[in-house]
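K.L.:
There are 2 protein chains.
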Amino acid sequence: MNIRLYNARILTMEKGRDIFRGEVWVKNDKIVYVATNEELKAIDSKKLPRITWDYELDCNDDLLMPGLKDAHTHSGMTFLRSYADDLPLHEWLYEKVFPYEAKLTPEDIYELTRLAVMEYVTGGITSIFDMYLTPDTIAEACMDTGMRCVLCGNVNDHTSTPEKMSDEYQRLNNVSPLITYQLGFHAEYTCSKDLIYRISSLAHRFRAPVYCHMSETEAEVAACREKYGMSPAFFLDSMGIFEFGGGVFHGVVLDDHDIDLLRMRRVSVITNPASNLKLASGIAPIAKLDRKKINVAIGTDGAASNNALDMFREMYLTSALSKIYEKDAASLDAVRVLRMATVHGAKAMKIKADVLAKGKLADIILINMHEPNMQPENNIVKNLVYSGNKSNVRMTMVGGKVLYKDGTYNIGVSPETVYKNCNEIADRILRQ
Amino acid sequence: MNIRLYNARILTMEKGRDIFRGEVWVKNDKIVYVATNEELKAIDSKKLPRITWDYELDCNDDLLMPGLKDAHTHSGMTFLRSYADDLPLHEWLYEKVFPYEAKLTPEDIYELTRLAVMEYVTGGITSIFDMYLTPDTIAEACMDTGMRCVLCGNVNDHTSTPEKMSDEYQRLNNVSPLITYQLGFHAEYTCSKDLIYRISSLAHRFRAPVYCHMSETEAEVAACREKYGMSPAFFLDSMGIFEFGGGVFHGVVLDDHDIDLLRMRRVSVITNPASNLKLASGIAPIAKLDRKKINVAIGTDGAASNNALDMFREMYLTSALSKIYEKDAASLDAVRVLRMATVHGAKAMKIKADVLAKGKLADIILINMHEPNMQPENNIVKNLVYSGNKSNVRMTMVGGKVLYKDGTYNIGVSPETVYKNCNEIADRILRQ
């Protein structure tokens, strides 16, 4: 497959490179050429082999950029959207989430993940870092729809085991170019010390990074200090969890020692601002983490706690909340936030889709500049982060395949089928 | 003009009324009939005069509801979008806003308002409360595009005068069914005491409510206390400003005495959460105001300080920020917030477009339920506020006229013309 995206403005997200007019060429699932119009004119066409294009897209002077990375989500939680609202984290989790999740079948999670994928692609999200109950059917849903997914282990005292995760790690890292798998567990407060030790042993065996929820609320951190005499970061580090890096989801309640430790261990922090607001958990010290050179990425968290799976909203919130948190309107500008949602996300998820450049995965989105919220064009990146919206997403391509374009899906199933099935699942689990 | 909107789900926003399936009939600019499908079936059609429909819309089981009221905006500020960012209020206003605004012509503001109207209608906003420099050309832009606009007087020490406002009040309240005008001034800190006294005299002459920015930042309140020995609310009240009610924009820094005073004077508070974040002004105590039975409405503020003119974002923020402000995930649920964005907005703006019911203005929007972020349908109102998005707006009708439907505008001008003109204005003013 040879694909040509032309008549575009291009934001590669390479450091220091401004937006330019040009083309992006894709072969199969990778980018093979990114060029300015000037560079293209300078090519002596006689010396080139003639390329037959399988697909050409006139981008209408709209903006091509790397797809957004949703670096923390639980896709299968879509069945709980707008069901378990207006509750604090602990009550929400133990009374409104865990009991219903126990009723989910692997097939349910397949279908609920397809619904989430539809939401991702309408919002320009080209890859997700998904921690949920049945990695096999999540992988299946993503392969069937064409979504790129980094699966995250989800061990806790009641769900999965290090042995099961070991099997998944070896198996699901080799099923499809769209799927990778990273070791992970739910959180310190849902895993016994022995279990965390066994997870750490597994990480040492594979020499692999580990990911988990951490320091999401003050109550969680206080309980950990009470139990282990240490903050969650120091406790987990004492168990060797961060020996090979990894990442923590949320990271709302972090003191300076925690931050220095995470930096030293090269642990990413994945922030989930909408979820942290919704559950009244707090505001994460993102600008400070960024100044301390921690790799900060951004995620939506699940639909039960957000309730949208919309990285435009998360980008906006990451910047806007930082301004209020630091009482400084200059805190965390649009450029930094857009890097978090693209380049830093790819780094946290360990996928080669950070920038638009030769050899990178063809995870590309087209942003409609011909909409009122993107005009006038004083500053396109600021327009994207401060007034941009998922309604500006014209096209979402993952691994060289267009999954969504101008309101139409190309994910192997009709939207109405997915809606019908997901409403049936919600009815069965929540109302029977 | 007889209009029939059928095969719809309907959220009238009348108190205690659930969503039902039915039809809305419109004659000219008003709603003449709202009925459930059961009521329609029960009608003996032989006894009714036959209606010839000028326009019929099959709503595809999507949701009809009252349009959103943007109860505080400065439409003409679109030229500054993404130009003056990342600055605190005072510096932003005096260095990046006032100097450039001084260069605007009335014709510029006409064009910049048309751009804003495009953004409003794509986001389901059917009326705006607009305070800006040239009420005449704002009115003209709204009449020409079909937008409903409540103009707000904008007197301050350098702009407009009570005499000019008196003339505008009498003239612009009688130009079009789409336009009304309320007395207003910029803020205590931009008006001399003598000027405020003269505005108050005018309000007493017309027995009319008055609107202004108030208590937006801690610095503003501290300076007012320093100058007058009172908070802005008490100072303005001492000048008789609130004798006939009215409203204050922002209301971030309000103590219990201020709140009791505003309640007693029946003054609305119009909150602008995105702007307050962006300028690091703070979070308004919205849930408390609501509990104290103050009429809280919601506005976007101008594009220079937001930067989007998107009431879905404002609704989401109003609820989400309240949860973090009160450290209570149950604070300010979706139903209250949706009332603020519709019913309370209409009340603050004094327009008869609060609910879908016979005799009300036909300011109606159609929300696409067949989108992934609105599924499953556990709770439609929560979906609207917590995961809804301007991309869900299928149709925006103002005064019985469809201004926007499925991506197409009907506002008397082509989008590309407006974009071109607005970019030229921005270039001329900001870069020449």
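If you're matching them up, the sequences are chains G and D in order. In terms of the working numbering, the first sequence opens at residue 1 and continues consecutively. In terms of the working numbering, the second sequence opens at residue 433 and continues consecutively. Glycine is no exception: its CB is placed at the ideal position from the N, C-alpha and C atoms. Since the structure is predicted, the reported quantities are computational estimates derived from the model, not experimental observations.
#1: Could you please tell me which residues of the segment 381-400 of chain G, in chain order, have their CB closer than 7 Å to any CB of chain D?
#2: Name the residue from D:A858, D:S846, D:V845 and D:K837 whose alpha carbon lies nearest to the alpha carbon of T554 (chain D).
#3: Between C623 (chain D) and chain G, is any beta-carbon pair separated by less than 8 Å?
#4: What is the DSSP secondary structure of S713 (chain D), counted as helix, strand or coil?
#5: Quick one: complete beta strand (DSSP E) runs, 3+ long, within the segment 509-569 of chain D?
#6: Give every residue of the same chain whose Cβ lies closer than 7 Å to the Cβ of V464 (chain D), excluding the five residues on either side of it in the sequence, and list them in chain order.
#7: What residue range is occupied by the uninterrupted alpha helix (DSSP H) comprising D44 (chain G)?
#8: Cβ of M395 (chain G) within 8 Å of Cβ of V402 (chain G)?
#9: For E539 (chain D), I'd like the list of residues in its chain whose CB is within less than 8 Å of its CB, leaving aside the five on either flank, ordered along the chain.
#10: Which partner residues does P66 (chain G) have in the DSSP bridge list?
#11: Could you tell me the distance, in whole angstroms, from the CA atom of Q182 (chain G) to the CA atom of F452 (chain D)?
#12: Please classify G614 (chain D): does DSSP put it in a helix, a strand, or coil?
#13: Quick check: the segment 531-545 of chain D against the segment 704-711 of chain D, are there 3 or more CB pairs under 8 Å?
#14: Beta-carbon separation of E14 (chain G) and V355 (chain G) under 8 Å?
#15: Can you tell me which of the three DSSP states N173 (chain G) falls into?
#16: What does M550 (chain D) touch in chain G if you count any residue whose Cβ is under 8 Å from its own?
#17: Have a look at N842 (chain D) and Y629 (chain D) and give me their C-alpha separation to the nearest angstrom.
#18: So, with DSSP's three-state summary, where would you put F866 (chain D)?
#19: Look up Y409 (chain G) in the DSSP assignment and give the residues it is bridged to.
#20: Would you say Q614 (chain D) lies against chain G (beta-carbon separation less than 8 Å)?
#21: Does DSSP put S754 (chain D) in a helix, in a strand, or in coil?
#22: Using a 10 Å radius around the Cβ and a threshold of 16 neighbouring Cβ atoms, would you call M747 (chain D) buried or exposed?
#23: Any beta-carbon of chain G closer than 8 Å to the one on G731 (chain D)?
#24: Looking at the structure shown, is S598 (chain D) part of a helix, part of a strand, or coil, going by DSSP?
#25: With DSSP as the reference, label L5 (chain G) as helix, strand or coil.
#26: Between N7 (chain G) and chain D, is any beta-carbon pair separated by less than 8 Å?
#27: Would you mind reading off the limits of the alpha helix (DSSP H) that contains M662 (chain D)?
#28: Given 8 Å as the limit, is there contact between the segment 691-708 of chain D and the segment 749-759 of chain D, that is, 3 or more CB pairs closer than that?
#29: For D58 (chain G), which beta-bridge partners are listed by DSSP?
#30: Does DSSP put G345 (chain G) in a helix, in a strand, or in coil?
#31: Would you mind working out which of G:R291, G:D290 and G:A341 sits nearest F312 (chain G), comparing C-alpha positions?
#32: Would you call G448 (chain D) buried or exposed, if buried means 16 or more other Cβ atoms sit within 10 Å of its Cβ?
#33: Does any C-beta atom of chain D lie closer than 8 Å to the C-beta of T318 (chain G)?
#34: Would you be able to state if there are at least three C-beta pairs under 8 Å between the segment 147-160 of chain G and the segment 260-269 of chain G?
#35: Buried or exposed for D733 (chain D), please, with buried defined as at least 16 other CB atoms from any protein chain shown within 10 angstroms of its CB.
#36: Let me know if H213 (chain G) comes out buried or exposed under the rule of 16 or more other beta-carbons within 10 Å of its beta-carbon.
P.N.:
Considering the structure as presented:
#1: K382, N383, Y386, S387, N389, K390 and S391
#2: D:K837
#3: no
#4: coil
#5: 557-562
#6: W457, V458 and K790
#7: Premise fails: D44 (chain G) is in no alpha helix (DSSP H) and is neither H nor E.
#8: Taking C-beta atoms as the reference points, M395 (chain G) and V402 (chain G) count as a pair closer than 8 Å.
#9: Same-chain partners within the cutoff: T569.
#10: G:I364
#11: 46 Å
#12: Sequence check: residue 614 (chain D) is Gln here, not Gly. The answer is strand: DSSP assigns Q614 (chain D) an E or B state.
#13: no
#14: Yes, these two residues count as a Cβ contact at 8 Å.
#15: Three-state DSSP puts N173 (chain G) in coil, outside helix and strand.
#16: Under the 8 Å cutoff, chain G gives P372.
#17: Distance between the alpha carbons of N842 (chain D) and Y629 (chain D) is about 44 Å.
#18: Any answer about residue 866 (chain D) is impossible in this case: the structure gives chain D only from 433 up to 864.
#19: Secondary-structure assignment with DSSP links Y409 (chain G) through a beta bridge to G:Y404.
#20: no
#21: helix
#22: buried
#23: No, G731 (chain D) does not count as interfacial toward chain G.
#24: helix
#25: Assignment of L5 (chain G) by DSSP, reduced to helix, strand and coil, places it in the strand class.
#26: Look at N7 (chain G): its C-beta is not under 8 Å from any C-beta on chain D.
#27: Here M662 (chain D) belongs to no alpha helix (DSSP H), and DSSP marks it neither H nor E.
#28: yes
#29: G:Y6
#30: helix
#31: G:A341
#32: The residue in question, G448 (chain D), is exposed, as its Cβ has fewer than 16 Cβ neighbours within 10 Å.
#33: Answer no: the Cβ-Cβ gap between T318 (chain G) and chain D never drops below 8 Å.
#34: no
#35: buried
#36: buried
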